[in-house]
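In our numbering, the protein residues as written are 565 to 919.
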């Protein structure tokens with residue numbers, strides 16, 4: 565094997581590696597021999613199949629296998645010989661792998677930088693000790709109580725904050741669009757979970773009333789066939805419900821599987837404390853890394869930077885999709901039935917609604 569360094573720039577190295585054809589062919593013949601000892605071919609006893617027949621039948625697959633293992637082995641050997649510390653797996657580009665010719669390929673690699681042993685002497689880090697203020701705990705309990713509020717039917721025009729149960733059919737022009745039909749969909753007026761104008765035009769409606777709602781889908785709406793288009797929804801209001809006052813007592817605790825209000829407050833406090841402690845640890849970690857970055861300066865492999873960026877971006881996309889599914893899931897939970905490939909309530913809800 566011949567290894568030639570062709571480029572050395574910063575932490576990047578490039579090599580040309582050549583493996584003699586004789587070595588490749590020897591490995592192919594050895595592998596074919598291993599196959600011949602176990603393969604069964606009509607007319608031949610095990611271990612007696614002629615090598616030319618094995619080469620004809622299994623040669624291409626074996627050659628591919630041998631080339632792959634040879635590249636892996638020779639690249640690892642080259643890195644050991646040159647005392648390289650790779651930051652990431654090497655990138656390989658085959659230059660020549662023709663039968664009977666030397667195997668030749670290029671190997672590109674990014675190296676770990678030489679880093680000094682970190683000295684933490686004199687690094688003063690402020691460690692925050694977080695306690696849960698009573699007012700924060702009270703607000704958390706209030707939000708929980710708000711989420712558990714019950715409703716009751718009322719015989720009056722719908723007001724902001726009420727829930728209305730509706731059936732609707734959406735149209736572009738005079739044509740119904742897929743997924744634009746829903747039954748028993750629950751809508752909270754004033755919550756802003758639907759596209760602009762939809763909830764406003766249902767304020768004042770009573771049970772049994774029918775209305776035609778005119779809206780325009782946002783230009784950046786997720787369904788391209790609806791984005792920016794005017795639409796109408798024929799809506800039948802089936803029920804108007806008002807929310808009952810939020811109860812902050814033992815019944816609230818029982819609703820979430822706890823014994824009493826005192827136990828609920830303790831559980832919420834512990835969860836908030838864990839969240840606060842986690843934030844405090846992250847701030848200590850961030851402060852320590854910032855101080856180390858000020859004290860030490862060394863190059864970073866570009867590939868590792870790109871990999872970290874991709875990881876962060878993938879996390880952002882996953883969280884964004886999670887928020888979309890929350891909106892769709894909430895709409896689905898509120899809908900008794902929906903037709904079409906897209907849940908109707910989710911279809912008319914804004915993509916970035918914060919529940």
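Built from N, CA and C at the ideal position, the CB exists for glycine as well.
Listed in chain order, the alpha helix (DSSP H) elements of length 4 or more contained wholly in the stretch 823 to 880 are 825 to 859. Comparing C-alpha distances from residue 625 to each of 640, 592 and 848 shows the shortest one belongs to 592.
One alpha carbon belongs to residue 629, the other to residue 606, and they sit about 25 angstroms apart.
From the listed residues 842, 884, 885 and 722, the smallest Cα separation to residue 693 is found for 842. DSSP, read as helix, strand or coil, puts residue 774 in strand. For residue 767, no beta strand (DSSP E) segment is defined, and its DSSP state is neither H nor E. Taking C-beta separations shorter than 6 angstroms and ignoring five residues to either side along the sequence, the partners of residue 569 in its chain run 579, following chain order.
As computed with DSSP, residue 717 is found in a beta bridge with 805. In terms of Cβ geometry, residue 677 and residue 864 form a close pair [threshold 8 angstroms]. Residue 631 is positioned such that its CB atom lies no closer than 8 angstroms to that of residue 615. A straight line joining the alpha-carbon of residue 788 with that of residue 886 spans about 20 angstroms. Rounded to whole angstroms, residue 746 and residue 800 show a C-alpha spacing of 11 angstroms.
Residue 613 places its beta carbon 8 angstroms or farther from that of residue 623.
In the same chain as residue 778, and ignoring 5 residues on each side of it, the C-beta atoms closer than 6 angstroms to its own belong to 796, in chain order. The beta-carbon distance between residue 808 and residue 716, rounded to whole angstroms, is 6 angstroms. This is short enough to meet the 8 angstroms contact definition. In the structure shown, the three-state DSSP call for residue 794 is strand. Excluding sequence positions up to five before and after residue 769, its CB lies within less than 7 angstroms of the CB of 721, 722, 728, 775 and 801, all in the same chain and listed in chain order. Beta bridge pairing from DSSP links residue 669 with 581 and 658. Nearest Cα to residue 690 within the set 859, 889 and 854: 854.
For residue 731, there is no enclosing alpha helix (DSSP H); the residue is found in the beta strand (DSSP E) stretching over 727 to 736. For residue 662, the closest of 573, 627, 686 and 771 by C-alpha to C-alpha distance is 627. If you look at residue 712, you'll find it isn't in any alpha helix (DSSP H); DSSP assigns it neither H nor E. With a contact defined as Cβ atoms closer than 8 angstroms, residue 833 and residue 701 qualify at about 6 angstroms. In this structure, residue 780 and residue 798 do not form a Cβ contact; the two beta carbons are roughly 17 angstroms apart against a cut-off of 8 angstroms. For residue 724, the three-state secondary structure derived from DSSP is coil.
In the DSSP assignment, residue 750 is bridged to 729. Shown here, residue 810 sits in coil according to DSSP, grouped into three states, outside any helix or strand.
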